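Chains as they are written, first to last, in my numbering: chain A, 29 to 285; chain B, 46 to 594. Don't be surprised by glycine CBs; every beta carbon is placed ideally from N, CA and C. Computed from a predicted structure; not experimentally measured. Working notes, structure below.
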Amino acid sequence: MTAIMDGPEATKVSDVIVCRDVHKWYGDFEALKGVDLTVEAGEVVVILGPSGSGKSTFIRCMNRLEEHQEGRIIIDGIELTHDVRNISEIRREVGMVFQQFNLFPHLTVLDNITLAPINVRKWSRDRAEELAMKWLTRVGIPEQADKYPGQLSGGQQQRVAIARALTMQPKILLFDEPTSALDPEMISEVLDVMRDLAKAGYTIVAVTHEMGFAREVAQRIIFMDGGQIVEINSPENFFNNPTHERTKLFLSQILNH
Amino acid sequence: MAQTTVNPPGSDANIPPPPDEQGIGARVLSYIFDIRFLGVLGQIAFILLLIVGAQRIFSNFGSNVDKLGRAQFICRDGRFAYRCAYDFMETQAGFDIDDTVLDYVNTDSFWWALTNGIVNTFRVGLLALVATTFLGTVMGVARLSENWLVSKLSLAYIEIIRNTPILVQLLLLYFSVILALPDIKDAIQPLNLPIYLSNRGLIMAWPQFMSSAAIWLAFLVLGIIQFQVMWVYLSRREEKTGRESNKFGWGLAGFLLIALIGWFISASVSDNEGLLIADNARIDEVDDFDTVMLSRAGINHLSELETLPEEEITAVTLDVCVLRESSSEANFVNRLARKGIPFKISRNGSPAKAMDNYVDGSCEMFAAPVSILAAERATLENPNDHIIVPIDEQPLVWSIPRFERFNIIGGATLTPEYFALFLGLTIFYAGGLAEVVRAGILSVSKGQTEAARALGLSEGQRLNLIVLPQALRVIIPPLISTYLSLMKDTSLGVAVAFQDVYLVSQTLMNQSGRALQIMIILMLVYLAISLFFSSVLNWYNDRVVIVER
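What follows is the structure, encoded as structure tokens:
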């Protein structure tokens, strides 16, 4: 079933995400049925799959927004257990961008970004604001720093959310369908930022429906269905030459509509 | 088939004729059913209704005033005038209020009695308000806890409290919990603390300010200013250098240091307290009591007192006169108690009465502020046979409750009535507030919590920085009405005979027979309380809401 399966001995120091036989149940429903994945530092991995395939659940397990009940998840050498020290350590090193942006509506853009560096990393306000402005400039909206999230467009909000995640200086970035809640004309501005980050060498795991982005940026594509990884492949092979029947069906459905 | 439904272009078959070409009947009807006409008609009808209603009320009022008679409006010189409606308030109240903060005796005026009632209302209402806010928030958060037991306990509390009437809870609390506490001689004393719980209420140690406290309080203010300055200075330095410092710790240390220095300075400069005693008693300072006591009892050490038979102890016990409600008592008594010297206190209503007892020998000494003692000593037959011994004082002395015969003396007492009303209001309104808090927290979307967690914020930071500030907007409007209801429900004190403004007013009505005047005052009092609270909270609400956009 699984196309690529590294054994434990295959794990390298540069592997920043190691998942081994991860299981997750919601009551009686098994959402993840033994998922294995290893991601190297600097790698860009895109997870594709039909809705309900468990792809969001999987990346949300990587920073303990969801709890996995079986198997091991090791992020940057730290095992994700029930130990709160490990959990907070991992969350500090893993940035996440959500489908619904989840900016804090009662704080300005700048305060949204500096909140965690000041309260979690214990930086001085000056240092946090300096880096925050650097990232706001990089995502192209430094002039919005003093506005409230409610005053921004969806695409701008998502770029603030990306700046917020990056100002914490994470080692890994998780994207959970970052463009799904955006109007079509705003999708490209967010994808441009993500493309930029991928080129800059960030380790990225992204769940998305943007096939163009996946084809262009991903080093590996992971196809999930029914709580399992069906196929792991390079983008060219995945789109042009899929090995698995389920993958072919999925591609024909999304590419020929 | 299309012939009946679709008209050919240019045909007017389906368009009604313009209004001025219609028949007279149809035109009149269309005026009557005109929405603008109907609106005006409704307004007129409502105004007529109002006028009729107001007229009824005023004529009713007028006839009632006639029935009540002109006696209601008699001035003190016996003449009749409506402006004298409230002159009766200056007459003597003639009834007691058991539980007052301000000095009140039954010869004071109705106004003063009413003022004491208002103070009592605030005393119980404000404390219950603070406690309700605290308990309600805790219960609301607990209700959402992932801990099964905590959340279910909170649920049980909320459901029981919200679904039974507050009056029933109050009476239950008063009669079957508080009045069921032991008699005062068996008062419960938890952990040997100076706190006694009995069916006379809660008696606890209470700080009393001495006259030197003014100096000390000035130092405390200085300490608070120092805290602010320190905080601003350290924050500036922090922002400049990025180096963390314990702002709170340093500020607090500075505050405590200044408070301590102030304490010793104000204690050493004050010389207000004194003790009037016969010159031949061989006591020139407080420490002499030890030797006098030893020679009186014929022992070598004070600890031997315990071995003496009771009547011998009674014989050597110091008889001390003090003024009722004076802080000199606590100050002097604490000194004797610390040494283990047996004493008996007799409290007097006035310096003159204390001096009578002093002269006829029923007390050996009189402890009071020096100024009073000096004036009283001058009235004695041979002033030079009596001396005034200075007594040290600290700015703050604890009045510690102690058993004396069958009663507990000293400390501060929360009466059972106050205690029951306070607890009853708190428990009931915290139940309602818990649901308000829960709804507020639930109104913050799950995504906010996820974003906070993904950024690595701790659960406490998530609650304080993200969830509660956003929940507050939803919480405040119902919180205002909870507070208002609580303040108005202090009038339920009537059920347990707590003399708040309502019960005092009721007594005033019975005493004076002027129900109308007092009802008007009472309504104004509650109206003022409510308007005050709602304006403060609305102002706060506007502040937190505007921040968003």
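Check: Partner residues on chain B for S152/A, Cβ-Cβ distance less than 9 Å; Outcome: E283, E284, K285, T286, G287, R288, E289
Check: Rounded straight-line distance, which links the Cα of V539/B to that of W156/B; Outcome: 20 Å
Check: Terminal residues of the beta strand (DSSP E) in which C366/B lies; Outcome: 363 to 368
Check: Sheet register partners of W53/A (DSSP bridge); Outcome: E58/A
Check: Within chain A, partners of G294/B - CB distance below 9 Å; Outcome: The contacting residues do not exist; G294/B stays about 16 Å from chain A at best.
Check: Chain A contact for Y585/B (CB, 8 Å cutoff); Outcome: no
Check: Residue interval of the alpha helix (DSSP H) (run including M184/B); Outcome: 155 to 188
Check: Burial state of M134/B, where buried means 16 or more other Cβ atoms lie within 10 Å; Outcome: buried
Check: Given L524/B as reference, the closest of A542/B, Q515/B, L582/B, L513/B once Cα atoms are compared; Outcome: L582/B
Check: One or two residues paired with G319/B in a DSSP bridge; Outcome: A413/B, P435/B
Check: is_contact[E191/B, chain A] using C-beta, thresh 8 Å; Outcome: no
Check: Neighbour flag for L510/B against chain A, beta carbons, 8 Å; Outcome: yes
Check: Interface positions of the region 76 to 93 of chain A facing chain B (Cβ-Cβ less than 9 Å), listed along the chain; Outcome: R88, N91, R92, L93
Check: Of the residues L143/A, Q184/A, P133/A, T66/A, the one placed nearest E213/A, counting alpha carbons only; Outcome: Q184/A
Check: The region 404 to 420 of chain B / the region 453 to 473 of chain B touching (three or more Cβ pairs under 8 Å); Outcome: no
Check: Beta carbon of E121/A nearer than 8 Å to that of I200/A; Outcome: yes
Check: Which listed residue (V164/B, F411/B, P210/B, V183/B) has its alpha carbon closest to that of L198/B; Outcome: V183/B
Check: Reduced DSSP secondary structure (H/G/I, E/B, other) of N9/B; Outcome: The shown model of chain B, from 46 to 594, leaves out residue 9/B, and the question about it has no answer.
Check: Contacts that S503/B makes with chain A (C-beta to C-beta distance below 9 Å); Outcome: V112, S116, N147, V148
Check: Under the three-state DSSP convention, the category L93/A falls into; Outcome: coil
Check: Beta-carbon proximity of I169/A to R187/A, cut-off 8 Å; Outcome: yes
Check: Option nearest R369/B by Cα separation, candidates L236/B, R72/B, A397/B, S575/B; Outcome: A397/B
Check: Residues from the region 109 to 132 of chain B in contact with chain A, defined by Cβ distance under 8 Å; Outcome: none
Check: Where the region 479 to 502 of chain B meets chain A: residues whose CB sits under 7 Å from a CB there; Outcome: G492, Q493, E495, A496, R498, A499, L500, G501, L502
Check: The beta strand (DSSP E) enclosing W251/B, as first and last residue numbers; Outcome: 251 to 254
Check: Which listed residue (I417/B, L537/B, I563/B, D65/B) has its alpha carbon closest to that of N165/B; Outcome: L537/B
Check: Contact list for A144/A against chain B, beta-carbon separation under 7 Å; Outcome: L500, G501, L502
Check: Residue interval of the alpha helix (DSSP H) (run including L548/B); Outcome: 546 to 557
Check: Boundaries of the beta strand (DSSP E) in which V188/A is found, first to last residue; Outcome: No beta strand (DSSP E) contains V188/A, which is instead part of the alpha helix (DSSP H) from 182 to 195.
Check: Residues that R166/A contacts on chain B, provided the C-beta gap is smaller than 7 Å; Outcome: Under the 7 Å cutoff, chain B gives no residues; its nearest Cβ is about 19 Å from R166/A.
Check: Exposure of P270/A, with buried meaning 16 or more beta-carbon neighbours within 10 Å; Outcome: buried
Check: Element boundaries [beta strand (DSSP E), containing R243/A]; Outcome: No beta strand (DSSP E) holds R243/A; the alpha helix (DSSP H) holding it covers 239 to 245.
Check: Selection of the region 180 to 209 of chain A by Cβ proximity to chain B, strictly under 7 Å; Outcome: M196
Check: Status (buried if at least 16 other CB within 10 Å, exposed otherwise) for F103/B; Outcome: exposed
Check: Simplified DSSP assignment, three categories, for T209/B; Outcome: coil
Check: Through-space distance from D174/A to E495/B, alpha-carbon basis; Outcome: 24 Å
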